[in-house]
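Colleague:
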Amino acid sequence: DTRTRFLGSKPVKQFRIRVQNQGAVLSLSSRCWLSHLFQGRYMMTPLSYQQLDYASAFASEQCPEGLVAVAGNTLRILTLDRLGDMFNQTSIPLRYTPRKMCQVPGSKRLLVVEADHNEFNEQEKQVIDVDARAKATAMRLPLPGQKPAGDDMEDEAEAGSQVQIRGPMPPSEGKWASCIRLLDPGTGDTLELLELGENEAAFSVAPCVFQGRGGEAFMVVGTIQGLKLHPRRH
Numbered sequence: 001d002t003r004t005r006f007l008g009s010k011p012v013k014q015f016r017i018r019v020q021n022q023g024a025v026l027s028l029s030s031r032c033w034l035s036h037l038f039q040g041r042y043m044m045t046p047l048s049y050q051q052l053d054y055a056s057a058f059a060s061e062q063c064p065e066g067l068v069a070v071a072g073n074t075l076r077i078l079t080l081d082r083l084g085d086m087f088n089q090t091s092i093p094l095r096y097t098p099r100k101m102c103q104v105p106g107s108k109r110l111l112v113v114e115a116d117h118n119e120f121n122e123q124e125k126q127v128i129d130v131d132a133r134a135k136a137t138a139m140r141l142p143l144p145g146q147k148p149a150g151d152d153m154e155d156e157a158e159a160g161s162q163v164q165i166r167g168p169m170p171p172s173e174g175k176w177a178s179c180i181r182l183l184d185p186g187t188g189d190t191l192e193l194l195e196l197g198e199n200e201a202a203f204s205v206a207p208c209v210f211q212g213r214g215g216e217a218f219m220v221v222g223t224i225q226g227l228k229l230h231p232r233r234h
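231 is the number that the UniProt record's numbering gives to position 231 of the sequence shown; each next residue is one higher, with no gaps.
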């Protein structure tokens with residue numbers, strides 16, 4: 001594995017440990033990475049654990065290949081298991097940049113909040129597209145996504161290689177586009193999508209249970225209207 005890895009935003013600390021009776025290197029930053037040999041191949045594996053400050057090899061009768069580590073003001077004794085497991089990765093296209101994600105209690109569904117700065121929302125984009133088509137028709141220009149008159153020889157392969165081009169940017173500062181998406185991660189399908197308007201952007205989401213509703217779980221979304229970044233104000 002010769003790919004370059006971003007270990008984190010904090011200074012990197014490295015420690016010698018033993019994994020599966022072989023030497024290995026544990027790299028600590030804002031994330032934890034393990035450099036080791038697996039089935040004769042060099043692997044660099046991210047650890048699914050919280051940020052560690054220091055670590056050292058630890059061995060006992062109950063834990064022959066373990067780690068003793070410091071995380072904040074706590075001392076942890078760990079073992080590294082399931083190092084050979086591989087992750088399955090699936091890309092799901094979203095409308096805007098994802099900001100936060102939370103699992104809906106009692107289900108496997110995910111609630112994702114998305115927001116983009118200096119962007120028109122979906123309704124505004126449709127209005128802009130209608131105006132652009134009207135102007136193109138008046139000037140007898142090809143509409144967006146259409147070929148010029150007489151050019152019918154473009155094959156499917158070339159059409160499939162086209163990429164989306166970003167539309168115009170809003171002229172005013174602090175313009176946001178945002179939506180709330182209910183997602184089925186198993187199929188990648190969007191079950192519900194709520195587009196936010198009036199320059200409102202969603203940045204956080206968390207489950208909440210009200211006792212007066214018999215323990216029914218609700219999803220609370222934190223939004224802000226008219227946020228400006230430099231300096232940060234609204």
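C-beta: ideal position from N, C-alpha, C; glycine also.
None of the values given here were measured: they were computed from a predicted structure.
1. Beta strand (DSSP E) containing D81: first to last residue?
2. Identify the residues that DSSP records as bridge partners of L52: which are they?
3. Rounded to whole angstroms, what's the CA-CA distance from H234 to D116? Just pull it up for me.
4. In terms of residue numbering, what span does the beta strand (DSSP E) encompassing K100 cover?
5. Does the structure place the segment 53-64 close enough to the segment 96-111 that three or more beta carbon pairs sit under 8 angstroms?
6. So, for L227: in the same chain, excluding its five sequence neighbours on each side, which residues have a beta-carbon less than 7 angstroms away from its beta-carbon?
7. Find the nearest neighbour of F218 within the set E192, P105, R109, judged by alpha-carbon distance.
8. Mapping the DSSP letters down to three states, classify V12 as helix, strand or coil.
9. In terms of residue numbering, what span does the beta strand (DSSP E) encompassing E192 cover?
10. At the level of alpha carbons, what is the spacing between S9 and R31?
11. Measure from the alpha carbon of L194 to the alpha carbon of each residue in L94, T137, E65, then state which is nearest.
12. Name, in chain order, the residues that DSSP records as bridge partners for C208.
13. Out of F58, L183, P64, Q62, which one is the CA nearest neighbour of V70?
14. How should R232 be labelled, buried or exposed, when 16 other C-beta atoms within 10 angstroms of its C-beta is the threshold for buried?
15. Between which two residues does the beta strand (DSSP E) containing L94 stretch?
16. Could you give the distance in angstroms between the alpha-carbon of G72 and the alpha-carbon of S27?
17. If you draw a straight line from the C-alpha of A157 to the C-alpha of Q126, how long is it?
18. With DSSP as the reference, label K125 as helix, strand or coil.
19. Do you know offhand how far Q50's Cα is from I128's?
20. What are the start and end residues of the beta strand (DSSP E) that includes L110?
21. Quick one: using the 10 Å Cβ neighbour count with 16 as the cut-off for buried, is S178 buried or exposed?
22. State yes or no: is the C-beta of E114 within less than 8 angstroms of the C-beta of R5?
23. With C-beta atoms as the reference, is L80 less than 8 angstroms away from V19?
Modeller: According to the structure data:
1. The sequence position of residue 81 within the sequence shown is 81, counting from 1. First-last for D81: undefined, no H or E at that position.
2. For the purposes of this step, residue 52 is taken as the residue at position 52 of the sequence shown. DSSP, once it has assigned bridges, lists no residue as partnering L52.
3. For the purposes of this step, residue 234 is identified with residue 234 of the sequence shown, where counting begins at 1. For the purposes of this step, residue 116 is identified with residue 116 of the sequence shown, where counting begins at 1. Answer to the nearest angstrom: the Cα atoms are 16 angstroms apart.
4. As a position in the sequence shown, residue 100 is number 100, starting the count at 1. 98-103 is the extent of the beta strand (DSSP E) around K100.
5. At 8 angstroms Cβ cutoff, the stretches do not touch.
6. As a working note, residue 227 is residue 227 in the sequence shown. Answer for L227: G174, W176, A201, H234, listed in chain order.
7. Translated into positions along the sequence shown, residue 218 becomes position 218. That would be P105, whose Cα lies nearest to the Cα of F218.
8. Locating residue 12 in the sequence shown gives position 12, counting from the first residue. Three-state DSSP puts V12 in coil, outside helix and strand.
9. Position 192 of the sequence shown, counted from the start, is the residue given in the question as residue 192. Its beta strand (DSSP E) spans residues 189-196.
10. Within the sequence shown, residue 9 is the residue found at index 9, counting from 1. Within the sequence shown, residue 31 is the residue found at index 31, counting from 1. Going from the Cα of S9 to the Cα of R31 covers about 9 angstroms.
11. Counted from its first residue, the sequence shown places residue 194 at position 194. Among L94, T137, E65, the Cα nearest to that of L194 belongs to L94.
12. For the purposes of this step, residue 208 is identified with residue 208 of the sequence shown, where counting begins at 1. C208 is bridged to F218.
13. On the sequence shown, residue 70 is found 70 positions in, with the first residue counted as 1. Of the candidates F58, L183, P64, Q62, the one whose C-alpha sits nearest the C-alpha of V70 is F58.
14. The count along the sequence shown starts at 1 and reaches residue 232 at position 232. With fewer than 16 Cβ atoms within 10 Å of its Cβ, R232 is classed as exposed.
15. Position 94 of the sequence shown holds residue 94. Careful: L94 lies outside any beta strand (DSSP E) and carries neither H nor E.
16. As a working mapping, residue 72 is identified with position 72 in the sequence shown. As a working mapping, residue 27 is identified with position 27 in the sequence shown. Cα to Cα, G72 sits roughly 17 angstroms from S27.
17. Here residue 157 corresponds to residue number 157 of the sequence shown, with the count starting at 1. Here residue 126 corresponds to residue number 126 of the sequence shown, with the count starting at 1. Note that A157 scores a pLDDT of 45, beneath 50, so its modelled location is shaky and nothing firm can be said.
18. Taking the sequence shown and counting its residues from 1, the one referred to as residue 125 is at position 125. Looking at K125 - three-state DSSP - the assignment turns out to be helix.
19. Position 50 of the sequence shown, counted from the first residue, corresponds to residue 50. Position 128 of the sequence shown, counted from the first residue, corresponds to residue 128. So the alpha carbons of these two residues sit roughly 46 angstroms apart.
20. Here the question's residue 110 lines up with position 110 in the sequence shown. Here the beta strand (DSSP E) through L110 covers 110-117.
21. The residue labelled residue 178 in the question sits at position 178 within the sequence shown. Classification of S178: buried, given that the 10 Å Cβ count is 16 or more.
22. Working through the sequence shown from its first residue, we reach residue 114 at position 114. Working through the sequence shown from its first residue, we reach residue 5 at position 5. It is not a contact, given that the beta carbons lie outside the stated cut-off.
23. By one-based count along the sequence shown, residue 80 stands at place 80. By one-based count along the sequence shown, residue 19 stands at place 19. Yes, they are a contact pair.
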